[in-house]
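Okay, so here's the structure we're looking at.
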Amino acid sequence: MIRYLIKNNLKIMFRSPVNILLYVLCPIVVTAVLVSAFSAMMESYEGAGQFTVGYRVEQNSVFGGYVNEIVATGRDNGVTFAEYRDGEPEALIKDYKLACFVEFGTDTYTIYETQDAKSESGTLQYMLSAMVNGVISGDYTAVSFRTEKPFFVPAVDSTDYYGIIYIVYFGWCALVCAAGLFSSEKKHRIDERLRISNLSVLQLYLSRFIPLVAVVSCGVGIAAVIGGVIMGVHWGNIALSALIVVLSVMAATALEMLIYELTNSMLASVIISFGIVWILGYIGGSFETYMFSTHAEWLKKMDPIYHENRALVELSTMGHSDYVASAILFLTGIFAVCSLLNLAAGRIRRSAQ
């Protein structure tokens, strides 16, 4: 009997194909828009590379005797010094496409920079400062420098980030897929008939839960495959990532079915569910990337979507994550608790009839 109900509920859901297509199209469309808008913000830092600096030395400058060493040191570190005896520094930078300009005065030097050459200016300041300090202390040595990235979590680009977290976010909106099913049950009073049948509360619960999880998981799964093929979204450990996404759909389905069981209203359930998911998504990094989020750490760690997003993103960038265990624990806990409450609410409703 339960297999018949699962099959019948699947047919009812497929009669509303638009609801199912939302889980395929929406993550892809939203991801594409956000990748286009925020790709520059999430670019990782790159070193300055080779660049050209203009310079001028005043007469009787204390730096005059060290110009050759400065030019040689710059050459060894990818900085080309070009001398310009006349002209305003700002005009020379613009006309000759210089990264910076240095005026060596009698006993001080001035660096002119542009907004687009902050990293080049920083490199130049470090080099000149190190050389001048060495000269003053009498311990001048050749200056060298390099760009290093300390290891903590490798950078993730906007394509991978949004391509992953919006699969998660739309998976948490599972109730939309059940709109046709629940509306049909209420219209034909099927739910009332089933409650007085010989089916147990557990069987009735599973007859809704299983097809809903299956359809939503397939929908976001197809969206994830399309995102990987078309946009190049990297999922890292695919099997573990798929497990986390399916668990999140199960948790969301159990939570939202509990809300429907308590309210007995599709409209109220959708509003309450979306409110909860929006808040969890906001704290968990669905709108403000969790790397740049200003929310308190304790608040983020209470959010299951934060654990899930971070686990999946770190699996993508590193192949492992310390948040996998906490994400699985959170999602399994929500699924188990909400399922038990669903069964308890169903028994109370049945006994009241």
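Numbering-wise, this note's numbering comes out as the position in the sequence shown, counting from 1, plus 97. Just so it is clear, CB atoms sit at the ideal spot from N, CA and C, and this is done for glycine as well. Just so you know, these numbers come straight off a predicted model, no measurement behind them.
DSSP beta-bridge partners of residue i
{"i": "PHE267", "result": "In the DSSP output, where bridge partners are listed per residue, PHE267 has none listed."}
{"i": "PHE371", "result": "Answer is none; PHE371 lacks a bridge partner."}
{"i": "PHE201", "result": "VAL154 and TYR206"}
{"i": "GLU185", "result": "Partner(s): none; GLU185 has no beta bridge."}
{"i": "THR177", "result": "THR149"}
Beta carbon of residue i nearer than 9 Å to that of residue j
{"i": "TYR120", "j": "GLY260", "result": "no"}
{"i": "TYR193", "j": "THR149", "result": "yes"}
{"i": "VAL313", "j": "THR414", "result": "no"}
{"i": "SER281", "j": "ILE109", "result": "yes"}
{"i": "ALA311", "j": "LEU428", "result": "no"}
{"i": "THR211", "j": "ASN174", "result": "no"}
{"i": "LEU344", "j": "PHE279", "result": "no"}
{"i": "GLY162", "j": "MET224", "result": "no"}
{"i": "LEU440", "j": "LEU340", "result": "no"}
{"i": "GLU385", "j": "ARG446", "result": "no"}
{"i": "VAL317", "j": "VAL346", "result": "yes"}
{"i": "VAL374", "j": "TYR266", "result": "yes"}
{"i": "LEU409", "j": "VAL342", "result": "yes"}
Cutoff 7 Å; reference residue i; Cβ partners in own chain excluding five residues on either side
{"i": "GLU353", "result": "ALA271, LEU272, SER366 and SER370"}
{"i": "SER160", "result": "Ser is not the amino acid found at residue 160; the sequence shown has Phe there. For PHE160, where only same-chain residues beyond five positions count, the Cβ hits under 7 Å are VAL154, PHE201 and TYR206."}
{"i": "SER218", "result": "CYS197, ILE208 and GLU210"}
{"i": "ASN334", "result": "LEU412 and GLY416"}
{"i": "LEU438", "result": "LEU355"}
{"i": "TYR142", "result": "Any reading at TYR142 is ruled out, since the residue's pLDDT is 47, under 50, leaving its predicted position unreliable."}
{"i": "ARG112", "result": "GLY277"}
Own chain partners of residue i with C-beta closer than 6 Å, once the 5 adjacent residues on each side are dropped
{"i": "ASP257", "result": "VAL330, HIS331 and SER413"}
{"i": "ALA321", "result": "ILE264"}
{"i": "GLY381", "result": "ASP400, ILE402, TYR403 and ASN406"}
{"i": "ILE319", "result": "VAL121"}
{"i": "LYS246", "result": "Residue placement at LYS246 cannot be trusted, given a pLDDT of 49 that sits under 50; what the coordinates show is reported in the next sentence. Excluding positions up to five away in sequence, the list is empty."}
{"i": "SER436", "result": "ALA351"}
{"i": "LEU131", "result": "TYR259"}
{"i": "GLY378", "result": "TYR266 and ILE402"}
Alpha carbon of residue i to alpha carbon of residue j, nearest angstrom
{"i": "LEU448", "j": "ILE368", "result": "Note that residue 448 is Ser in the sequence shown, not Leu. SER448 and ILE368: Cα-Cα distance of roughly 28 Å."}
{"i": "ALA351", "j": "ALA196", "result": "58 Å"}
{"i": "SER338", "j": "ALA214", "result": "40 Å"}
{"i": "PRO308", "j": "SER216", "result": "55 Å"}
{"i": "GLY277", "j": "SER383", "result": "27 Å"}
{"i": "ALA227", "j": "ASP204", "result": "16 Å"}
{"i": "PHE248", "j": "ALA393", "result": "At PHE248 the pLDDT is 48, less than 50, meaning the model places this residue with poor confidence; the figure from the coordinates comes in the next sentence. Looking at the two C-alpha atoms, the distance is approximately 23 Å."}
{"i": "TYR302", "j": "TYR101", "result": "14 Å"}
{"i": "THR177", "j": "ALA129", "result": "41 Å"}
{"i": "TYR387", "j": "LEU296", "result": "45 Å"}
{"i": "GLN222", "j": "VAL164", "result": "15 Å"}
{"i": "SER133", "j": "ILE125", "result": "12 Å"}
{"i": "ILE190", "j": "VAL168", "result": "18 Å"}
{"i": "ARG305", "j": "ILE103", "result": "7 Å"}
{"i": "ASP183", "j": "GLN147", "result": "24 Å"}
{"i": "ILE262", "j": "GLU187", "result": "45 Å"}
{"i": "SER390", "j": "ILE376", "result": "14 Å"}
{"i": "GLU442", "j": "LEU118", "result": "Inspection of the sequence shows that residue 442 is occupied by Ala rather than by Glu. Using only the alpha carbons, I get a separation of about 31 Å."}
Sequence-distant residues of its chain with Cβ nearer than 8 Å to residue i (five each side left out)
{"i": "ASN116", "result": "MET110, VAL273, CYS274, ALA276 and GLY277"}
{"i": "GLU180", "result": "GLY151, TYR152, ARG153 and VAL154"}
{"i": "GLN156", "result": "none"}
{"i": "GLU185", "result": "none"}
Touching by the beta-carbon criterion (3+ pairs, under 8 Å), the stretch 422-440 and the stretch 395-408: Yes, they touch.
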